[in-house]
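Just so you know, we're using UniProt numbering here: the sequence shown kicks off at 1 and counts up by one. Take a look at the structure set out below.
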Amino acid sequence: MNEDMIKIGQVERSNVCGSIWDEKGRDQVGEFLTSTSVSYGALSMYDNPTKVLKTMKFSTNKSSYGPFGKSSLDAKHFNFHVGNPRLFAGFHGSINSFGVESIGVYVKSNISSIVNPKVPSVKSEKEEDNK
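Structural data, given as structure tokens:
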């Protein structure tokens, strides 16, 4: 796997009181992520509610895992579908004292490794300039 990746999503925030984590995929198991579903909402047990991840579910080409966590009636939902599984490379995020605060994905930045060079419709800028 090419280790050149781009982070998508916010990681560092001034009010993060926990750690920041990231995990890169390893393309070693023949199983790849096809979608992730999350729900998030506010913890309202304090005067100043904090939004945190409530549940998370992973779906792969072989199975589904989860949902992990505990949902609530006021939770909002978000689904991330991986269009080209070869572009997905891993997750990153941050936590606060209440749970997962932010989550994002790594995508591979070297798309030339996944573009078929034999396809005539795919041309570089230099090829276009020479015409």
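Just so it is clear, CB atoms sit at the ideal spot from N, CA and C, and this is done for glycine as well. The model shown is predicted, which means the values in this text are computed figures rather than measured ones.
For the pair Lys76 and Glu31, the Cα-to-Cα distance works out to about 28 Å. CA-to-CA, the gap between Asn61 and Thr55 works out to about 21 Å. For the pair Leu87 and Val100, the Cα-to-Cα distance works out to about 24 Å.
In the three-state scheme derived from DSSP, where H, G and I count as helix and E and B as strand, Gly99 is classed as strand. Taking C-beta atoms as the reference points, Gly104 and Asp74 fail to come closer than 8 Å. When the five nearest sequence neighbours on each side are left out, the beta carbons in the same chain lying within less than 7 Å of the beta carbon of Ser35 are those of Ser59, Asn79, Phe80, His81 and Val82, in order along the chain.
In the DSSP assignment, Lys57 falls within the beta strand (DSSP E) that extends over Thr50 to Thr60. The residues Thr55, Met56 and Lys57, in chain order, have a CB closer than 8 Å to that of Phe68 in the same chain once the five nearest residues on each side in sequence are set aside.
When DSSP states are grouped into helix, strand and coil, Ser37 belongs to the strand group. Per the C-alpha coordinates, the member of Leu43, Leu33, Leu53 and Pro49 positioned closest to Gly93 is Leu53. For Phe32, there is no enclosing beta strand (DSSP E), as DSSP marks it with neither H nor E.
For Leu73, the secondary structure class from DSSP, reduced to helix, strand or coil, is coil.
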